[in-house]
């Protein structure tokens with residue numbers, strides 16, 4: 001990768017996007033999510049429509065409680081819509097979609113490289129190959145020096161970098177990141193965001209992030225604002 005590829009900036013659709021130009025990875029059609037019933041019902045997402053294609057770069061922007069995380073979980077298949085539909089034209093395999101959660105969810109008994117390689121091993125990737133992919137992904141987020149440490153031996157910011165590496169190691173076609181810089185200082189957050197963008201550019205994957213930070217959103221080719229559970233019209237980067 002050239003040095004120019006590593007310079008932070010706004011990212012439109014990936015140059016290396018894979019698949020037909022009209023291919024759809026996931027599509028929400030007037031999707032809604034309501035928690036609870038009757039007087040206690042809370043509508044987290046109101047009729048959201050959104051299409052994600054290979055190579056897309058999308059930031060979903062809004063404050064805490066606006067429904068961003070619930071929408072991301074709909075895209076990932078972790079949440080079922082209570083109204084409307086979520087369509088995946090082809091059945092998603094275990095490595096087609098990668099989700100970077102707000103919490104790192106590392107397994108305390110495994111060291112950093114084992115945590116990073118675990119999803120690959122569970123997908124029947126040979127252990128040595130999985131370890132190499134994990135180390136490469138850790139290097140992308142400047143965390144390869146943490147490889148043999150346990151989760152209790154690293155900081156919260158370092159753990160978030162490891163969580164990002166765990167997804168990047170799988171090279172999914174769709175990367176979903178829920179506030180990936182929210183718990184990090186500016187320098188570390190920029191590094192994690194750089195790694196996500198560069199890895200997605202390299203593989204042609206789609207990248208969708210949620211954020212409340214305008215500086216993060218400004219680096220994406222398309223931005224959608226989430227307000228009170230409603231997904232507003234797209235704002236294209238100039």
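Numbering (UniProt numbering), first residue to last: 1 to 238. By construction, the Cβ of each residue, glycine as well, lies at the ideal position given by its N, Cα and C atoms.
C-beta contact flag for residue i and residue j at 8 Å
i	j	result
residue 125	residue 162	no
residue 223	residue 117	no
residue 61	residue 211	yes
residue 219	residue 184	no
residue 176	residue 50	no
residue 174	residue 97	yes
residue 191	residue 142	yes
residue 189	residue 57	no
Cα-Cα separation between residue i and residue j, rounded to whole angstroms
i	j	result
residue 154	residue 53	36 Å
residue 232	residue 193	24 Å
residue 100	residue 81	21 Å
residue 206	residue 55	4 Å
residue 28	residue 170	24 Å
residue 151	residue 217	29 Å
residue 229	residue 89	25 Å
residue 199	residue 122	22 Å
residue 178	residue 215	16 Å
residue 145	residue 165	13 Å
residue 187	residue 39	45 Å
residue 136	residue 127	14 Å
residue 24	residue 149	39 Å
residue 1	residue 172	Low per-residue confidence applies at residue 1: pLDDT is 38, beneath 50, and the placement is therefore not dependable, though the value from the model is reported in the following sentence. Approximately 19 Å, taken between the alpha carbons.
residue 235	residue 202	25 Å
residue 132	residue 115	13 Å
residue 119	residue 37	36 Å
residue 47	residue 195	32 Å
residue 5	residue 78	Note that residue 5 scores a pLDDT of 36, beneath 50, so its modelled location is shaky and nothing firm can be said.
residue 204	residue 22	14 Å
Start-to-end residues for the alpha helix (DSSP H) that takes in residue i
i	result
residue 223	Where residue 223 is concerned, there is no enclosing alpha helix (DSSP H), although the beta strand (DSSP E) it sits in stretches over 222-227.
residue 240	Outside the modelled stretch of the chain, which goes from 1 to 238, sits residue 240, for which no answer is possible.
residue 273	Given a span of 1 to 238 for the chain in the structure shown, any question on residue 273 remains unanswerable.
residue 141	It is not in any alpha helix (DSSP H) - residue 141 carries neither H nor E in the DSSP assignment.
residue 181	From DSSP, residue 181 is part of no alpha helix (DSSP H); its letter is neither H nor E.
Boundaries of the beta strand (DSSP E) in which residue i is found, first to last residue
i	result
residue 152	Segment: none, residue 152 is in no beta strand (DSSP E) and carries neither H nor E.
residue 46	42-52
residue 31	26-35
residue 97	97-100
residue 174	174-178
residue 60	57-61
Proximity winner among the options, relative to residue i (alpha-carbon distances)
i	options	result
residue 213	28, 180, 150, 158	180
residue 68	88, 45, 78, 77	45
residue 34	23, 84, 25	84
residue 31	114, 71, 190	71
residue 26	57, 87, 41	87
residue 159	209, 78, 105, 36	105
residue 209	114, 115, 73	73
Anticipated Cβ contact below 8 Å, residue i with residue j, distance rounded
i	j	result
residue 140	residue 110	Rounded, the Cβ-Cβ distance is 20 Å, inconsistent with contact.
residue 138	residue 130	At roughly 12 Å, the Cβ-Cβ gap does not stay under 8 Å, so residue 138 and residue 130 are not in contact.
residue 102	residue 156	That belief does not hold up - the Cβ atoms of residue 102 and residue 156 are roughly 11 Å apart, past 8 Å.
residue 258	residue 226	Nothing in the structure corresponds to residue 258, since the chain is present only between 1 and 238.
Residue i Cβ short of 7 Å to the ligand NAP heavy atom set
i	result
residue 82	In the structure shown, the ligand NAP is absent, as is every other ligand, since no ligand is present at all.
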